[in-house]
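Notes for the one structure printed next.
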Amino acid sequence: MRKPMVAGNWKMNKTVADAVKLINELLPELQAQTAVDRVVCPPFTALYSVSELLKNSGIGCGAQDLFWEAKGAFTGEIAPDMIAELGEYVIIGHSERRTYFGETDESVNKKVLAALSIGLTPIVCVGETLAENQSGQTETVVTRQIHNGLKGLSTADAEKIIIAYEPVWAIGTGLAATGPQANQVIADYIRKPYAAMYGDVAAQAIRVLYGGSVKGSNAAEFFGQPDIDGALVGGASLKKTDFMEIVNAAA
Ligand code: PEP
2 MRKPMVAGNW KMNKTVADAV KLINELLPEL QAQTAVDRVV CPPFTALYSV
52 SELLKNSGIG CGAQDLFWEA KGAFTGEIAP DMIAELGEYV IIGHSERRTY
102 FGETDESVNK KVLAALSIGL TPIVCVGETL AENQSGQTET VVTRQIHNGL
152 KGLSTADAEK IIIAYEPVWA IGTGLAATGP QANQVIADYI RKPYAAMYGD
202 VAAQAIRVLY GGSVKGSNAA EFFGQPDIDG ALVGGASLKK TDFMEIVNAA
252 A
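Read left to right, the sequence shown gives residues 2 to 252 (this note's numbering).
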């Protein structure tokens, strides 16, 4: 049995003051929902303040990216151990990073290995663009992202990572995939190639989340699918009532 997980990706939203306010609003209800693993991923500037508020709360804290090098002359970058001091999770390969910041399967792989080596749990995003979807390339693109982005893991790490299937055309657009559509991609183009890489045990152990315009009103459709273990939530993670509706729907 895989425990459901709902992770909020705040993207480039919330000052420290706004982040503290939202966490204080969320905490009582979020803490009460122990049937779901709950994670928040604030921007780097708010990570310390949020992590302090979440200490011993049972709620996970994560970053939205990291760099693979341990330290040195990499202006603007954040090292794995800097994140590991403050949280347990890190989102890697989000489509916005692939689209706007040149992230590739190769850089995703380096980041995944660096995160795992310091004990962070990566939430690795994969998904096809609208053009790729419409030209019938979903399988090619998603399986390539899995093969190239997730190679070289140890057996223990292969059973611990989290994958988020986020069709790019559904992120922040209000156009969610249907539950069965997302489930089919996850079963056939994510778990199946992953099983070929790391075996059935690992492919059945890992949690695969859906992401892309998840809201309280459509969350149950995804959570009712056998291969979907929760959600990575962008826009709807920025307000207490919206986020709690989704978290509670996953229970
Ligand atoms: C995301 O940022 O990972 C995401 C899925 O965004 P949204 O929920 O806003 O579509």
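Here a beta-carbon is modelled for each residue, glycine too, at the ideal position from N, C-alpha and C.
Residue i Cβ short of 7 angstroms to the ligand PEP heavy atom set
i, result
"K12", "yes"
"S214", "yes"
"I172", "yes"
"V125", "no"
"G180", "no"
"V248", "no"
"H148", "no"
"V143", "no"
"A183", "no"
"A204", "no"
"G235", "yes"
"E89", "no"
"E167", "yes"
Residue i, buried or exposed, once every other Cβ within 10 Å from all chains shown has been counted against 16
i, result
"P227", "exposed"
"M2", "exposed"
"A71", "exposed"
"Q65", "buried"
"D158", "buried"
"S136", "exposed"
"Y101", "exposed"
"P81", "buried"
"E97", "buried"
C-alpha gap between residue i and residue j, whole angstroms
i, j, result
"L114", "G63", "16 angstroms"
"I164", "L54", "26 angstroms"
"K193", "A18", "44 angstroms"
"T139", "A237", "26 angstroms"
"G120", "A196", "23 angstroms"
"C42", "Q182", "27 angstroms"
"F224", "V202", "21 angstroms"
"V37", "G73", "38 angstroms"
"G200", "K152", "13 angstroms"
"P168", "V234", "13 angstroms"
"T35", "A250", "13 angstroms"
"R39", "G175", "23 angstroms"
"C126", "V215", "15 angstroms"
"G9", "F244", "8 angstroms"
"E246", "G217", "5 angstroms"
"V248", "G88", "20 angstroms"
"A220", "G173", "15 angstroms"
When the options are compared against residue i, the one with the closest alpha-carbon
i, options, result
"S108", "L48, L154, I191 and G150", "G150"
"I191", "L176, Y211 and T179", "Y211"
"K56", "A74, I24 and A80", "I24"
"Y166", "G137, I92 and K111", "I92"
"N184", "Y90, A232, P81 and T242", "A232"
"T105", "P81, L87 and Q146", "Q146"
"A20", "L48, A171, T144 and Q205", "L48"
"A116", "A132, V127 and I162", "I162"
"N14", "E246, M245 and K240", "K240"
"I124", "T46, D230 and I247", "D230"
"F68", "G61, S58, G59 and A85", "A85"
"P44", "T16, S155 and S218", "T16"
"T46", "M83, G173, M6 and I60", "M83"
"E222", "K112, V209, A177 and E26", "A177"
Residue span of the beta strand (DSSP E) that contains residue i, given as start and end
i, result
"I124", "T122 to V127"
"A71", "Careful: A71 lies outside any beta strand (DSSP E) and carries neither H nor E."
"R39", "D38 to C42"
"N10", "M6 to N10"
"V113", "Per DSSP, V113 belongs to no beta strand (DSSP E); it is in the alpha helix (DSSP H), D106 to S118."
"I172", "Per DSSP, I172 belongs to no beta strand (DSSP E) and is neither H nor E."
"V234", "G231 to V234"
"Y190", "Careful: Y190 lies outside any beta strand (DSSP E) and carries neither H nor E."
The alpha helix (DSSP H) enclosing residue i, as first and last residue numbers
i, result
"I84", "P81 to A85"
"G150", "T139 to G150"
"L131", "L131 to Q135"
"G180", "G180 to V186"
"L154", "That residue, L154, is in no alpha helix (DSSP H); it is neither H nor E in DSSP."
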